[in-house]
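Numbering (my numbering), first residue to last: 285 to 408. Have a look at the structure below before the remarks.
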């Protein structure tokens with residue numbers, strides 16, 4: 285199991301916490317009390333998703349607040365793991381710019397004349 289069941293029990297004392305192993309290696313985490321049942325699947329370590337116990341506790345708290353109609357505190361949301369989105373920078377950015385200018389000049393001859401005039405040195 286990738287999460288510590290004792291920490292989850294300590295974080296939710298009002299719930300009875302149980303964990304059941306699933307056939308795919310993941311764990312079905314069940315929290316029960318008189319108000320209802322909450323079930324979450326924690327992926328197996330072999331799936332490549334490493335789940336930390338703090339993250340699981342934070343996610344369950346967030347879901348409980350959301351079900352109760354409460355807005356979770358910003359501090360609680362900031363504890364979630366954040367990753368930056370990948371960015372794309374073309375390897376030939378300079379070549380792309382010059383090709384684009386060439387295409388514009390062939391489509392608009394007036395632009396070619398302005399570009400040619402601008403590139404001529406001014407003699408005083």
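Even for Gly, the Cβ is constructed at its ideal location relative to N, Cα and C. Computed from a prediction, not measured in an experiment: that's the story for all the values here.
Compare the C-alpha of residue i against each of the options and name the closest.
| i | options | result |
| --- | --- | --- |
| residue 337 | 323, 290, 351, 321 | 290 |
| residue 299 | 348, 307, 393 | 348 |
| residue 305 | 297, 318, 296, 324 | 324 |
| residue 317 | 353, 297, 351, 350 | 297 |
| residue 319 | 394, 390, 351 | 351 |
| residue 295 | 346, 353, 307 | 346 |
With a cut-off of 8 Å on the beta carbons, I'd call residue i and residue j a contact; round off their distance for me.
| i | j | result |
| --- | --- | --- |
| residue 301 | residue 312 | Not a contact, Cβ separation roughly 12 Å. |
| residue 322 | residue 344 | 7 Å |
Around the Cβ of residue i, are there at least 16 other Cβ atoms within 10 angstroms (buried) or fewer (exposed)?
| i | result |
| --- | --- |
| residue 326 | buried |
| residue 303 | exposed |
| residue 392 | exposed |
Check this for me: beta carbons of residue i and residue j, under 7 Å apart or not?
| i | j | result |
| --- | --- | --- |
| residue 287 | residue 355 | no |
| residue 342 | residue 328 | no |
Quiz prompt | Contained beta strand (DSSP E) runs [length at least 3] in the segment 297-336, N- to C-terminal order | solution = Counting only runs of at least 3 residues, the segment 297-336 fully encloses the following beta strand (DSSP E) elements, listed from N- to C-terminal order: 300-305, 311-317, 320-326.
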